[in-house]
Amino acid sequence: MSEQYNSICITKLASSILSIMGLEIPGDMDSPIDILVKSCNHKLNSEHADRVVIYNPDAVAMWLYQKYTDMFKKAVCCSDISLPMLSVMPSVTPVCFASMYSGVLPEYHGIKSYVKPVLKVNTVFDTLLKAQKRVALVSTTSDSISMIFLERQMDYFIYDSIEEVNNKAIELVEKDEHDVIIIYNGNYDSTMHKFGTEAHESITQLENNINFYQELINKIKKCWVSHNTFYGFAPDHGCHDIDGNCGSHGLDMTDDMNVIHFYGFNPRI
Ligand SMILES: [Zn+2]
């Protein structure tokens with residue numbers, strides 16, 4: 013639906029997280045999102061964030077936000093900024109999340125197709141761990157994000173169902189034992205592949221993602237009053253319909269490459 017490619021690449025999230033936390037950015041990472049860092053300075057009263065929570069719903073294309081804007085109301089209202097972001101090629105899940113969290117393009121991190129090897133290059137998680145940050149990754153069994161960031165000294169909470177993932181994420185916020193929490197939900201992606209991007213079944217899952225994001229942020233705002241928190245809703249790639257009423261992605265087209273991200277800051281009281 014959108015005809016222009018967005019200008020801010022998802023490779024910029026890794027260094028944005030580090031910058032917002034006041035940590036040094038490794039030289040090989042793409043630079044931070046300037047407008048996001050400026051927004052942080054304003055919202056967190058020139059302090060750094062000591063907590064970061066990134067929610068990764070799979071395949072939320074920017075055209076979905078353009079076409080169903082009102083459905084995103086809850087995500088908009090609990091965030092401070094919405095950013096049109098550009099994915100990487102090929103626009104498939106392991107390639108995109110590898111780029112998002114390593115801060116480099118696929119030719120540098122090495123995942124260039126739908127394969128899920130453990131990433132050997134430096135990621136934002138490695139930099140966070142070196143800085144003594146406690147990192148939690150909450151995701152579903154055998155999904156990309158559960159596989160490619162393994163073998164690091166962080167806490168992996170891998171479950172068979174989205175319900176278990178989301179319950180654990182809420183519990184982790186309540187427990188407040190991690191500095192950085194990453195949560196993955198693949199329900200919209202798996203449903204749209206099967207039924208099409210705008211099928212009732214798919215849109216219901218997208219609504220579930222938006223509802224959970226709001227629930228998560230409400231929990232953060234309630235529980236983390238003593239923390240400066242940076243949070244976000246950050247899908248990996250978009251989607252488009254193909255023959256047979258199925259959805260797909262992976263191509264160099266705006267429907268697949270343009271995604272919508274929401275970010276927010278919750279200052280300590
Ligand atoms: Zn994906």
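Per this note's numbering, the very first residue in the sequence shown carries number 13; after that it's consecutive.
Note that beta-carbon positions come from the ideal geometry of N, C-alpha and C, so glycine has one too.
Ligand 1 heavy atom lying under 7 Å from the CB of residue i
i: Asp253; result: no
i: His249; result: yes
i: Asp70; result: yes
i: Thr105; result: yes
i: Cys258; result: no
i: Asp201; result: yes
i: Cys108; result: yes
Bridge partners - residue i, DSSP secondary structure assignment
i: Ile195; result: Tyr67 and Val150
i: Tyr275; result: Ile93 and Gly244
i: Ala73; result: Val271
i: Ile182; result: BP columns for Ile182 are empty, so no partner.
i: Gly259; result: Asp253
i: Ile20; result: Met97
Whole-number beta carbon distance between residue j and residue i, since they are thought to touch under 8 Å
i: Asp253; j: Thr209; result: 5 Å
i: Asn18; j: Met74; result: 7 Å
i: Leu25; j: Thr139; result: Not confirmed; about 13 Å, so no contact.
i: Asp255; j: Gly262; result: That belief does not hold up - the Cβ atoms of Asp255 and Gly262 are roughly 15 Å apart, past 8 Å.
i: Asp92; j: Ser51; result: 6 Å
i: His205; j: Gly259; result: 5 Å
i: Ala87; j: Gln217; result: That belief does not hold up - the Cβ atoms of Ala87 and Gln217 are roughly 14 Å apart, past 8 Å.
i: Ala61; j: Gly250; result: Incorrect: roughly 28 Å between the Cβ atoms, too far for contact.
i: Met156; j: Val177; result: Checking the sequence, you will find Ser at residue 156 rather than Met. That pair is no contact at about 14 Å.
i: Ile170; j: Leu131; result: So it is not a contact: roughly 16 Å between Cβ atoms.
i: Ile195; j: Asn68; result: 7 Å
i: Ile232; j: Val65; result: 6 Å
i: Asp248; j: Cys108; result: 4 Å
i: Ile47; j: Leu98; result: Incorrect: roughly 14 Å between the Cβ atoms, too far for contact.
i: Leu184; j: Gln165; result: 17 Å between Cβ atoms; not a contact.
Bounding residues of the alpha helix (DSSP H) (the contiguous stretch that carries residue i)
i: Ser27; result: Lys24 to Met33
i: Ser51; result: Asp46 to Lys55
Any C-beta of chain B under 8 Å from that of residue i
i: Gln16; result: Reference to chain B is not applicable here, since this structure consists of a single protein chain.
Proximity test, residue i beta-carbon vs ligand 2 heavy atom, cut-off 7 Å
i: Thr209; result: This structure lacks ligand 2; its bound ligands are ligand 1.
Whole beta strand (DSSP E) runs in the region 214-255 with 3 or more residues, listed along the chain? Note on the region 214-255: whole beta strand (DSSP E) runs with a minimum of 3 residues are 241-245 and 252-254, in chain order.
Quick check on the DSSP output: what are the complete beta strand (DSSP E) runs of length 3 or more inside the region 96-170, in order along the chain? Segments of the beta strand (DSSP E) lying fully in the region 96-170: 147-152.
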